Amino acid sequence: MHAITISEPGGPEALEWAEVPDPVPGEGEVLVDVVASAVNRADLLQRQGFYDPPPGASPYPGLECSGRIAALGPGVTGWTVGDEVCALLAGGGYAEKVAVPAGQLLPVPKGVDLVTAAALPEVTATVWSNVFMVAHLRPGETLLVHGGASGIGTMAIQLAKALGARVAVTAGGPEKLAFCRELGADVLIDYREQDFVEEVRQATGGAGADVILDIMGAKYLDRNVRALAVNGRLAIIGMQGGAKGELDIGALLRKRGAVMATSLRARPVAEKTAIIAAVREHVWPLLEGGAVRAVVDQVVPLREAGAAHRVLEEGGHRGKVVLSV
Numbered sequence: 001m002h003a004i005t006i007s008e009p010g011g012p013e014a015l016e017w018a019e020v021p022d023p024v025p026g027e028g029e030v031l032v033d034v035v036a037s038a039v040n041r042a043d044l045l046q047r048q049g050f051y052d053p054p055p056g057a058s059p060y061p062g063l064e065c066s067g068r069i070a071a072l073g074p075g076v077t078g079w080t081v082g083d084e085v086c087a088l089l090a091g092g093g094y095a096e097k098v099a100v101p102a103g104q105l106l107p108v109p110k111g112v113d114l115v116t117a118a119a120l121p122e123v124t125a126t127v128w129s130n131v132f133m134v135a136h137l138r139p140g141e142t143l144l145v146h147g148g149a150s151g152i153g154t155m156a157i158q159l160a161k162a163l164g165a166r167v168a169v170t171a172g173g174p175e176k177l178a179f180c181r182e183l184g185a186d187v188l189i190d191y192r193e194q195d196f197v198e199e200v201r202q203a204t205g206g207a208g209a210d211v212i213l214d215i216m217g218a219k220y221l222d223r224n225v226r227a228l229a230v231n232g233r234l235a236i237i238g239m240q241g242g243a244k245g246e247l248d249i250g251a252l253l254r255k256r257g258a259v260m261a262t263s264l265r266a267r268p269v270a271e272k273t274a275i276i277a278a279v280r281e282h283v284w285p286l287l288e289g290g291a292v293r294a295v296v297d298q299v300v301p302l303r304e305a306g307a308a309h310r311v312l313e314e315g316g317h318r319g320k321v322v323l324s325v
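Quick note: the UniProt record's numbering has the sequence shown finishing at residue 325, numbered continuously throughout.
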């Protein structure tokens, strides 16, 4: 098969289309003929040499894909060769074939085309596991989403609104904020010009956000704690603003708040299987019913993955950038 490989860490030009050995599905795995993958921030970090795949994972980038089952490994039940699926991966999505643990497969939702489905596994699993399984967002509460126009952000807005929460977002510029409003965001904050702590407080009558989904890490840590409501929960899923920050424990104590940080890629298969099962139960009906949709900014040929990485680095996209095989 062919795959996007990284011979040396570097810029987008480091991504090379090369012939590599076909993967072989092991116990409990299926082989998928990939139709599309999608670009995630983790892929950019891997390309730069900062985020190696977990032990045993494919060395090629790509944390999600869609396609058709080509073969079943030993012990796999419930799936059939030819089934159209999308999948959460530990790596290997930037390729023509990938071996996937069966528990990380999802059927393509009704009404969603196979290419678009590649944009769903990572965002739905990340948002559902963090906002609902870890931070326990409830109807009537306020969720603050940083990076509201991103792939993660666009899904978080829609899921929170569909389940009865109020949503505040930060994004850069009026066009991205208007797009967030179209998806259901209630409070729009331009992080370039506004203080999100003050804006969230004003929007909540001084209470603050019950849950914050944060991609920035250190840069926003102090302000996120100040923006939390009493009993608020801060879920950190990214470090775009740095890895080390200072935490005011006194402020956190006074709010009886919680700070949680999770990653998805390195979780054991059993944990990913549980998350995917929850996504299938809770999110897939919303997708099939039209309450939630995949947001795809553009589709780029997989051979041109470097160009797709540049789109993410430039930051003008809204939603996901998909790679078609």
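Every residue, glycine too, gets a C-beta built ideally from N, C-alpha and C.
These figures come from a predicted structure and were not determined experimentally.
> Which value, in whole angstroms, describes the spacing of the CA atoms of A209 and N224?
Replying inline: 9 angstroms
> Bridge partners of Q298, per DSSP?
Replying inline: V321
> Could you give the C-beta distance for A71 and L31, rounded to a whole number, given that I count them as a contact under 8 angstroms?
Replying inline: 4 angstroms
>> Spatial neighbours of V127 within its chain, please: C-beta separation below 8 angstroms, excluding the five flanking residues on both sides.
In response: I152, M155, A156, L159, L213
> Across which residues does DSSP place W17 in a beta bridge pair?
Replying inline: I4
> According to the Cβ coordinates, are V39 and V296 closer than 7 angstroms?
Replying inline: no
>> Among V112, Q104, S66, whose alpha-carbon lies nearest the alpha-carbon of E96?
In response: S66
> Can you tell me whether DSSP reads S66 as helix, strand or coil?
Replying inline: strand
> Who are the near neighbours of G242 in its chain, counting only those whose CB is closer than 6 angstroms to its CB and skipping five residues on each side?
Replying inline: G217, A218, K219
> For V144, which beta-bridge partners are listed by DSSP?
Replying inline: One detail in the question is off: residue 144 reads as Leu in this sequence, not Val. Answer is A168, I212, bridged to L144.
>> If contacts are defined as beta-carbon pairs under 8 angstroms, then R41 and L312 qualify, I think. What distance do you get, rounded to the angstrom?
In response: 7 angstroms
> What number of angstroms, rounded off, separates the C-alpha of A168 from the C-alpha of E193?
Replying inline: 16 angstroms
>> Let's see if you can read the secondary structure: which residues bound the beta strand (DSSP E) around P107?
In response: 105-107
>> Do A36 and V98 count as a contact pair if the criterion is CB distance below 7 angstroms?
In response: no
> In terms of alpha-carbon separation, which member of G232, L188, Q298, Y191 lies closest to A207?
Replying inline: G232
> Looking only at C-alpha atoms, which of W284, G62, V34, W79 sits nearest to G28?
Replying inline: W79
> So V211 packs on V299, CB below 8 angstroms; how close in whole Å?
Replying inline: About 32 angstroms; that fails the 8 angstroms criterion.
> Would A118 pass as a contact of V100 if the rule is Cβ separation under 7 angstroms?
Replying inline: no
> In or out: V123 buried (at least 16 other Cβ within 10 Å) or exposed?
Replying inline: buried
>> Quick check on F196: buried or exposed, where buried means 16 or more other Cβ atoms within 10 Å of its Cβ?
In response: buried
> Which residue's Cα is closest to the Cα of L247: T262, A3, D222?
Replying inline: D222
> Taking the alpha helix (DSSP H) that D222 falls in, what are its first and last residues?
Replying inline: 221-227
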